[in-house]
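Trainee:
2 protein chains.
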Amino acid sequence: MNTNPIPDIIIGRLPIYLRALRYMQETGQQTTNSQELGERIGISAAQIRKDLSQFGEFGKQGTGYRISFLVDKLREILNIEKVWEVAVVGAGDMGHALARYQGFANRGFHITMVFDNDPAKIGEQIGDLTVLDASNIVKTVRNAGIKIAMLTVPAAAAQAVANLLIEAGVKAILNYAPISLSVTPGVRLQYLDPSIGLQRMTYYLE
Amino acid sequence: MNTNPIPDIIIGRLPIYLRALRYMQETGQQTTNSQELGERIGISAAQIRKDLSQFGEFGKQGTGYRISFLVDKLREILNIEKVWEVAVVGAGDMGHALARYQGFANRGFHITMVFDNDPAKIGEQIGDLTVLDASNIVKTVRNAGIKIAMLTVPAAAAQAVANLLIEAGVKAILNYAPISLSVTPGVRLQYLDPSIGLQRMTYYLE
DNA sequence: TAGATTGTTAATCGATTAACAATC
DNA sequence: TAGATTGTTAATCGATTAACAATC
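In order, the protein sequence lines correspond to chains A and B. The working numbering puts the first residue of the first sequence at 6, with every later residue one more than the last. The working numbering puts the first residue of the second sequence at 6, with every later residue one more than the last.
Here's what the structure looks like:
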């Protein structure tokens with residue numbers, strides 16, 4: 006256990022642990038241990054134990070971890086016991102795909118709004134959602150108390166939209182636009198540019 | 006300069022550098038320096054210089070880096086001078102969005118095949134592409150010489166599909182499915198699970 | 001009890017930063 | 001030339017691993 010600020014690199018591994026544990030749960034498995042979990046996700050057993058020990062003692066010597074208990078603890082640590090409302094900005098193909106994505110269920114997120122500034126898209130139905138006019142984005146997002154947004158607008162618009170979202174009180178942005186953003190301190194930012202993902206691998210090819 | 010194996014963490018930053026340089030290029034900028042580039046992407050100037058020095062001497066004392074030259078060098082290092090053919094497996098919403106994505110142009114990739122195993126989807130047109138039958142995936146991918154694939158199938162199918170892709174000669178997999186995969190040595194793997202991206206941020210909220 | 005596995009400490013390893021001579 | 005900025009070295013910082021006492 007530890008009360009210092011936890012390194013972000015450790016925080017970044019917790020969702021991976023959680024995902025693997027949920028998968029084990031689905032297969033009916035009741036317990037696991039650091040070695041088995043590590044092999045499944047390609048991380049050393051020592052590292053998993055060290056990471057978890059930052060937050061408490063979740064295992065038992067001799068038997069390992071009760072999966073359901075560890076899942077609960079991780080959900081608690083990661084602040085995903087409640088379901089977060091998420092706004093998607095940009096109703097292009099990627100925005101559509103995210104708005105329809107089934108994978109957020111049970112993982113702590115629910116998309117409740119989709120915005121676009123294209124009159125041809127405003128009013129369009131995407132599943133349960135209606136595409137909203139981005140010109141009202143600050144007021145609408147603030148009034149809804151939304152803290153998390155996903156950005157699927159063109160690169161040229163991304164920084165301006167991010168600024169508006171921050172003005173509206175958003176504290177976490179998942180950016181699909183292929184551009185580096187700058188955000189005010191206290192706002193979290195993650196990048197999911199598919200080209201970057203590919204370019205990280207081509208170095209090793211051939 | 007350096008001939009030892011370059012740390013993967015450095016390789017992972019090069020696409021970020023490249024993306025920012027391309028953006029500067031679009032705005033008509035001719036030169037930059039490590040400090041300016043660093044501020045733009047939130048990385049220290051010293052680190053940028055150190056990273057680049059692994060591959061050669063690309064700058065000039067006193068003036069910094071000529072952007073077009075550095076862009077060329079990074080494209081060379083990252084092996085994206087040529088355009089890689091990419092297969093998308095899974096023609097759901099995410100597969101559709103990727104198949105239509107305009108952002109791969111000029112970044113080294115071109116999607117040339119989309120597969121699905123759903124008879125209702127096979128034969129469907131997505132832009133220029135026709136959804137192919139996944140039951141022929143090994144032969145088709147191998148014959149085309151495709152080395153890179155994006156995985157947008159359900160989690161339950163992802164490992165089996167990954168195995169087939171590897172059998173077909175694929176060496177790099179960008180995985181959108183929310184599950185950890187295991188691949189044979191020499192095959193690269195990157196994850197783009199949107200829930201993981203969000204869960205890395207919720208820890209810090211509230 | 002004997003065996004297994006945790007949580008934790010210390011050692012190792014690797015990455016980042018600071019500083020500056022070289023030089024454009 | 002004077003000023004600016006690189007490439008690189010050494011110092012610092014942080015992360016990972018190995019090892020093992022504790023204990024279920």
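Glycine included, every Cβ here is placed at the ideal spot set by N, Cα and C. Owing to the predicted nature of the structure, the values given are computational and were not obtained by experimental measurement.
#1: Taking three-plus beta-carbon pairs below 8 Å as touching, is the region 59-66 of chain B in contact with the region 78-87 of chain B?
#2: Counting along the chain, where does the beta strand (DSSP E) carrying B/G69 start and finish?
#3: What do you get for A/Q204, buried or exposed, if any count of 16 or more other CB atoms within 10 angstroms of its CB means buried?
#4: Alpha helix (DSSP H) containing B/E31: first to last residue?
#5: Along chain A, which residues have their Cβ under 9 Å away from the Cβ of B/T37?
#6: Less than 8 Å between CB atoms is the rule here; does B/P199 satisfy it with respect to chain A?
#7: Under a Cβ-count criterion, where at least 16 other Cβ atoms within 10 Å of its own Cβ denotes burial, should A/F114 be classed as buried or exposed?
#8: Determine which residues share a DSSP beta bridge with B/H115 and list them.
#9: Taking any Cβ of chain A, which residues in the region 99-132 of chain B have a Cβ under 8 Å from it, in chain order?
#10: What in chain A is Cβ-close to B/I46, meaning under 8 Å?
#11: Given a threshold of 16 other Cβ atoms within 10 Å of its Cβ, counted over all protein chains shown, does A/K87 qualify as buried or as exposed?
#12: Could you tell me which chain B residues have their CB closer than 8 Å to the CB of A/G174, listed as they occur along the chain?
#13: Under DSSP, the beta strand (DSSP E) around B/T135 begins and ends at which residues?
#14: Contact between the region 180-193 of chain B and the region 144-160 of chain B: three or more CB pairs below 8 Å?
#15: Output yes or no for whether 8 Å exceeds the beta carbon distance between A/A177 and A/K144.
#16: Leaving out five residues on either side along the sequence, give the residues of the same chain with a beta carbon under 6 Å from the beta carbon of A/A92.
#17: Whose C-alpha, out of B/R24, B/G47, B/E129, is nearest the C-alpha of A/T189?
#18: Whole angstroms are fine: how far does the CA of A/M29 sit from the CA of B/N122?
#19: Taking the alpha carbon of B/D56 as the point to measure from, which residue in B/Y70, B/V192, B/G67, B/I14 has its own alpha carbon closest?
#20: Consider the Cβ of B/G156: report whether some Cβ of chain A lies at a distance smaller than 8 Å.
#21: Which two residues bound the contiguous beta strand (DSSP E) that contains B/N180?
#22: What residue does the alpha helix (DSSP H) around B/Q204 start on, and which one ends it?
#23: Between the beta-carbon of A/R112 and the beta-carbon of B/S39, is there less than 8 Å?
#24: My understanding is that A/G202 touches B/L197, with C-beta atoms under 8 Å, so please give their C-beta distance in whole angstroms.
#25: Would B/L103 and B/F120 qualify as a contact pair, given that the criterion is a beta-carbon distance under 8 Å?
#26: Which residues does DSSP list as the beta-bridge partners of B/K65?
#27: In this structure, does DSSP put B/I184 in helix, strand or coil?
#28: Could you tell me whether any Cβ in chain B is nearer than 8 Å to the Cβ of A/N84?
#29: Do you know how far the Cα of B/S187 is from the Cα of A/T37?
#30: Determine the chain B residues that contact A/R2 at a beta-carbon separation under 9 Å, and present them in chain order.
#31: Hey, how far is the Cα of B/F109 from the Cα of A/G64?
#32: Report all residues from its chain with a CB closer than 6 Å to the CB of B/L170; omit the five preceding and five following residues, and keep chain order.
#33: Would A/A173 be called buried (16 or more neighbouring beta carbons within 10 Å of its own) or exposed?
#34: Quick one: using the 10 Å Cβ neighbour count with 16 as the cut-off for buried, is B/D98 buried or exposed?
Mentor: With the structure as the only source:
#1: yes
#2: 69-71
#3: buried
#4: 13-31
#5: The premise fails here: B/T37 is roughly 13 Å from chain A at the closest Cβ pair, so nothing lies under 9 Å.
#6: yes
#7: Flag for A/F114 reads buried.
#8: B/E90
#9: M99, H101, A102, L103, R105, Y106, G108, F109, R112, G113, F114
#10: Residues of chain A whose Cβ lies closer than 8 Å to the Cβ of B/I46 are, in chain order, S185.
#11: Per the 10 Å Cβ criterion, exposed.
#12: The premise fails here: A/G174 is roughly 11 Å from chain B at the closest Cβ pair, so nothing lies under 8 Å.
#13: 134-138
#14: Short answer: they touch.
#15: no
#16: Around A/A92: M118, V146, I151, A154.
#17: The shortest C-alpha separation from A/T189 is found at B/G47.
#18: Distance between the alpha carbons of B/N122 and A/M29 is about 26 Å.
#19: The candidate whose alpha carbon is nearest that of B/D56 is B/I14.
#20: Residue identity check: residue 156 of chain B is Leu in the sequence provided, not Gly. Output row for B/L156: interface = no.
#21: 177-180
#22: 199-207
#23: no
#24: 6 Å
#25: no
#26: B/G69
#27: coil
#28: yes
#29: C-alpha separation (whole angstroms): 18 Å.
#30: No answer is possible for residue 2 of chain A: the residues shown for chain A start at 6 and end at 211.
#31: 45 Å
#32: A154
#33: buried
#34: It is buried - the Cβ of B/D98 has at least 16 other Cβ atoms within 10 Å.
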